[in-house]
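Reviewing the structure listed below.
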Amino acid sequence: MTAPAPSPSRAPAARRGRDRRARVLLPAPGARRVDGPERPRTAVVGGGIAGLAAATALAERGVHVTLYEREPVLGGRLAGRPTTLRDGTLVTMSRGFHAFFRQYYNLRGLLRRTDPGLERLTALPDYPLWHAGGLRDGFRHVPRTPPWSAAGFVALSPAFGLRDLARMRPAAALGLLDVRVPEVYDRLDRVSAHDFLDAVGFPEAARHLAFEVFSRSFFADPRGLSAAEMVLMFHIYFLGSAEGLLFDVPGEPFPAALWDPLAGYLDGHGVRLRTSAPVGSVTPTGDGRFTVDAAGGAERHDAVVLALDTAGLSSLVASSPRLGGKEWRASVGRLRTAPPFLVSRIWLDRPVAADRPGFLGTAGYGTLDNVSVLDRWEGEAARWASRTGGSVVELHAYALPGDAAPDVERKRLVEQLHRVYPETRQARIVDERHEWRADCPLFPVGGYGDRPTVRTDDPGLVVAGDLVRTGLPVALMERAATSGFLAANALLERWGVRGQTLWTVPDRGRGRLLRAAARRATPPPPPRDTGPGPS
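Our numbering numbers the first residue of the sequence shown as 9 and each following residue consecutively.
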């Protein structure tokens with residue numbers, strides 16, 4: 009039996025990193041936990057980061073939690089599944105590389121429940137970027153504290169020449185220096201990331217080497233991505249935070265490093281983990297409660313957390329006709345999913361060159377967006393490479409055309425790998441696995457208003473996930489974790505219980521003079537008709 013876990017007053021929580029200006033968000037005051045025979049019962053629908061965060065905060069405070077996950081494993085888009093290679097080796101296949109940035113205070117706080125020192129994360133020494141034209145860049149030597157981070161990057165990057173700097177429009181760029189939520193969406197949501205960079209006059213080399221690499225981490229073409237989302241990203245990772253652009257990665261596959269330990273922790277708090285249990289519908293019962301109809305039967309709950317991806321949320325709402333109000337249901341129906349992406353993991357019969365980094369961001373190499381040499385940092389891959397003398401390499405391609413053929417794209421990625429690391433031309437592929445997916449949220453131009461908030465018109469129904477607008481400077485995995493904790497806090501506040509303390513990067517630009525200059529800057533260009541964008 010799993011040992012009981014710490015009480016919420018002692019459980020590791022989010023904590024500030026090196027940034028002294030990080031913002032703390034205190035929950036509403038209340039009791040330490042709910043006790044007694046009539047403790048509320050809550051259904052958490054979705055076992056990804058957001059659902060796990062919500063279940064953790066609720067269960068730590070005495071709430072009866074049932075977590076429903078349609079897949080047989082936890083982790084959502086960071087899940088891992090066993091597969092056997094042709095040589096008989098049992099390995100874990102997943103979507104691979106994810107950067108756990110130091111700004112991810114709340115996600116890292118979730119992981120601290122089972123790993124207080126975050127010893128299962130491994131720091132990579134740099135965030136290197138290569139362009140096919142020959143430019144190479146990185147962030148290891150760039151100062152981490154704004155505004156010196158921006159000045160240092162421009163001064164050290166080969167993508168910024170004197171002529172390029174002379175062509176830039178400083179007034180248009182000043183808005184980057186005082187980003188606030190949700191004001192940034194009021195200013196820039198109807199402008200594409202591509203048009204914003206045009207207005208600022210960023211050098212082509214810098215755009216391709218850095219900015220489009222970052223924007224494509226949202227699995228979208230810059231022409232179809234809201235400039236507000238991209239500008240917020242610059243604030244979080246570069247211009248508003250002193251944590252810098254260095255990051256950690258799990259030292260073992262996701263299940264072993266992250267989710268199996270957390271599942272044991274939740275079990276110790278009495279959480280019912282119902283995997284392989286897709287939820288078909290959620291129905292309000294009229295007395296403030298809900299019936300959750302899932303594989304294995306229907307159950308009554310006092311509250312529901314919907315922690316689903318875009319397609320899952322849209323599908324569940326469509327099959328639950330009494331759930332939520334008319335406007336909310338319509339806005340959920342308008343949510344869109346980002347274009348497909350491909351993850352190819354290949355096991356080679358020989359190592360790549362010894363000086364290859366564990367992770368490399370790429371631009372100009374066709375559809376190839378990054379390359380990971382997994383045996384540089386993941387234990388499972390390193391053990392296979394040590395035993396066989398080979399190497400495990402992973403290739404990512406984001407925002408592919410909707411009509412792209414998976415088998416063709418797989419071949420293209422390998423061809424592009426040969427351009428990036430020519431020594432792989434001589435390697436034989438011992439085995440390979442591929443993930444072709446299209447389930448990430450799209451943040452299109454003008455789409456912010458349709459994204460759900462954590463709270464709904466029904467106080468017993470809350471929403472979490474990286475598609476949710478939180479009103480906070482968070483993105484990607486950190487938005488998922490933060491929204492999960494916020495969903496739990498909203499329910500706990502109803503029951504008079506103090507929720508989870510949260511942290512974020514600063515919620516505004518750094519320095520009064522820079523903020524004043526940004527306020528006096530010229531407004532962004534009017535939006536142009538860029539067409540429907542990727543679909």
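Glycine is no exception: its CB is placed at the ideal position from the N, C-alpha and C atoms. No experiment lies behind these values; they were computed from the predicted model shown.
query	result
Quick check on alanine 346: buried or exposed, where buried means 16 or more other Cβ atoms within 10 Å of its Cβ?	buried
Name the residue from Pro80, Pro45 and Arg41 whose alpha carbon lies nearest to the alpha carbon of threonine 64.	Arg41
Any idea if arginine 175 is buried or exposed, counting beta-carbon neighbours within 10 angstroms, 16 or more meaning buried?	exposed
Using CA atoms only, rank isn't needed, just tell me which of Phe226, Gln508, Glu501 and Met241 is closest to valine 187.	Met241
Let's test the definition: count the other Cβ atoms within 10 Å of the Cβ of glycine 539 and tell me whether it reaches 16, buried, or not, exposed.	Residue placement at glycine 539 is poorly supported in this model, since its pLDDT is 39, which falls under 50; the coordinates are not used for a value here.
Starting from threonine 396, follow the alpha helix (DSSP H) in both directions and report where the run begins and ends.	387-396
Let me check one thing: in DSSP terms, what residues is arginine 353 bridge-paired to?	Glu402 and Arg441
Identify whether valine 340 lies in helix, strand or coil by the three-state DSSP scheme.	helix
Is there contact here, the stretch 254-270 with the stretch 422-434, by at least three beta-carbon pairs under 8 Å?	no
From this set, Gly56, Pro35, Ala62 and Ser284, which residue's C-alpha is nearest alanine 311's C-alpha?	Ala62
How close, in whole Å, do the beta carbons of glycine 232 and valine 453 come, if the pair is a contact with beta carbons under 8 Å?	7 Å
Are phenylalanine 147 and leucine 266 close, meaning C-beta to C-beta below 8 Å?	no
By the 10 Å Cβ neighbour count, where 16 or more other Cβ atoms means buried, how is serine 15 classified, buried or exposed?	Because serine 15 sits at a pLDDT of 46, beneath the cut-off of 50, its placement in the model cannot be relied upon, and the following sentence gives the value as read from the coordinates. Serine 15 should be labelled exposed.
Can you tell me where the beta strand (DSSP E) with glutamate 307 in it begins and where it stops?	305-309
Leaving out five residues on either side along the sequence, give the residues of the same chain with a beta carbon under 7 Å from the beta carbon of threonine 464.	Gly332, Trp336, Val470 and Val471
DSSP on glycine 369, reduced to helix/strand/coil?	strand
Are the CB atoms of leucine 196 and alanine 235 nearer to each other than 8 Å?	yes
Comparing alpha-carbon positions, which option in Gly84, Val287, Asp317 and Ser322 lies nearest glutamate 307?	Val287
Under 8 Å, with one C-beta from each stretch per pair, do the stretch 295-302 and the stretch 444-463 reach the 3-pair mark?	no
By alpha-carbon positions, which one of Thr512, Phe493, Trp385 and Arg516 ends up nearest to arginine 506?	Phe493
Considering only DSSP beta bridges, list what alanine 250 is partnered with.	Paired residues: none, contrary to the question.
How close, in whole Å, do the beta carbons of valine 313 and threonine 50 come, if the pair is a contact with beta carbons under 8 Å?	7 Å
Check tyrosine 273 in the structure and name its three-state DSSP category.	helix
Touch check for the stretch 408-426 and the stretch 346-361: three-plus C-beta pairs under 8 Å?	yes
Under 8 Å Cβ to Cβ from glutamate 67, same chain only, skipping five residues before and after it: list those, please.	Looking at the sequence provided, one finds alanine at residue 67 rather than glutamate. Excluding positions up to five away in sequence, the list reads Val73, Leu274, His277, Gly278 and Val279.
Tell me, please, whether the stretch 50-60 touches the stretch 69-89 by the rule of three or more beta-carbon pairs shorter than 8 Å.	yes
Does the distance from the C-beta atom of arginine 152 to that of alanine 250 stay below 8 Å?	yes
On a Cα-Cα basis, can you pick out the residue from Ala319, Leu270, Ala326 and Leu316 that is closest to serine 289?	Ala326
Have a look at the DSSP bridge pairing and note the partners of methionine 101.	Arg89
Would you report the Cα separation of threonine 509 and arginine 144, rounded to the nearest angstrom?	40 Å
Do you know how far the Cα of glycine 248 is from the Cα of proline 136?	21 Å
Can the beta-carbon of leucine 425 be found less than 8 Å from the beta-carbon of valine 401?	yes
According to DSSP, histidine 72 sits in a beta bridge with which residue or residues?	Arg49
Work out the CA separation of serine 491 and aspartate 256 for me, nearest whole Å.	22 Å
With a threshold of 16 other CB atoms inside 10 Å of the CB of aspartate 203, please say whether the residue is buried or exposed.	buried
Using three-state DSSP, classify arginine 420 as helix, strand or coil.	helix
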